[in-house]
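Asks:
In the numbering used here, the protein residues as written are 139 to 313.
1) To the nearest angstrom, how far is it from the Cα of residue 255 to the Cα of residue 263?
2) Buried or exposed: which applies to residue 271, given that a residue is buried once 16 or more other Cβ atoms fall within 10 Å of its Cβ?
3) Which residue from 269, 305, 267 and 249 puts its Cα closest to that of residue 293?
4) Indicate the three-state DSSP secondary structure (helix, strand or coil) for residue 286 in the structure shown.
5) What does the alpha-carbon distance come out to for the pair residue 206 and residue 144?
6) Distance, Cα to Cα, residue 351 vs residue 252?
7) Give the straight-line distance between the Cα atoms of residue 201 and residue 303, rounded to the nearest whole angstrom.
8) In its own chain, which residues sit with a C-beta less than 8 Å from the C-beta of residue 208, not counting the 5 before and 5 after it?
9) In angstroms, rounded to a whole number, what distance separates the CA positions of residue 280 and residue 305?
10) I think residue 187 touches residue 296, with their Cβ atoms under 8 Å apart; what is that distance to the nearest whole Å?
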């Protein structure tokens, strides 16, 4: 009985070993390259404060804002503070494409369509830049910093400063 049990264990171990070795085949992935968009270094999720450039009044703090590529391969990126249900609005109604310069981490737009505001509104984005490791999260982790100014077509006399830091992904850094 013991000999039969040992033989069965040896056979099972052999089958397990062969299966393990055969499953580690890496063929077929040599030509796989993950897609990288032109603005990948500028993309992310940010916690942004919105400040009146003239008065210094803070209108909103820690607004969740996303920057992402348009996927058009045209070097454009979208700035969006619309999260979707159940809490759709987190900031000041901006969702607009901007032109990017990935080599120096800057972005801007002139009269870009703002699709978060009903009607034919546009935004002008100036002085947009991302500074690597210049920001600090809620708990002090070094992270990227973002800064840009916005003028909305429905109020061209007011310039808003959007400034903040990149979300780290750590739960303790969330607002």
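For every residue, glycine included, the Cβ atom is placed at its ideal position computed from N, Cα and C.
Values in this document were obtained by computation on a predicted structure and should not be read as measured data.
Replies: Taking the definition as stated:
1) Numbered from 1 along the chain shown, position 117 holds the residue referred to as residue 255. Numbered from 1 along the chain shown, position 125 holds the residue referred to as residue 263. Each residue's alpha carbon lies about 16 Å from the other.
2) Position 133 of the chain shown, counting from 1, holds the residue named residue 271. Counting every other CB atom within 10 Å of its CB across the protein chains shown gives residue 271 a total below 16, marking it as exposed.
3) Along the chain shown, one-based indexing puts residue 293 at 155. Minimum Cα distance to residue 293 is reached at 249.
4) To locate residue 286, count along the chain shown from 1; it is residue 148. If DSSP states are grouped into helix, strand and coil, residue 286 belongs with the strands.
5) As a first step, residue 206 is located in the chain shown; it is residue number 68 there, counting from the start. As a first step, residue 144 is located in the chain shown; it is residue number 6 there, counting from the start. Cα to Cα, residue 206 sits roughly 59 Å from residue 144.
6) What is shown of the chain runs 139 to 313, which leaves residue 351 out entirely.
7) Reading the chain shown from its first residue, position 63 is the one you call residue 201. Reading the chain shown from its first residue, position 165 is the one you call residue 303. Taking the straight line from one Cα to the other gives about 10 Å.
8) On the chain shown, residue 208 is found 70 positions in, with the first residue counted as 1. By the criterion of a C-beta distance shorter than 8 Å, residue 208 is surrounded in its chain by 214, 215, 216 and 235, once the five residues flanking it on both sides are discounted.
9) If you number the chain shown from 1, residue 280 lands on position 142. If you number the chain shown from 1, residue 305 lands on position 167. Going by C-alpha positions, residue 280 is about 10 Å away from residue 305.
10) As a position in the chain shown, residue 187 is number 49, starting the count at 1. As a position in the chain shown, residue 296 is number 158, starting the count at 1. So it is not a contact: roughly 16 Å between Cβ atoms.
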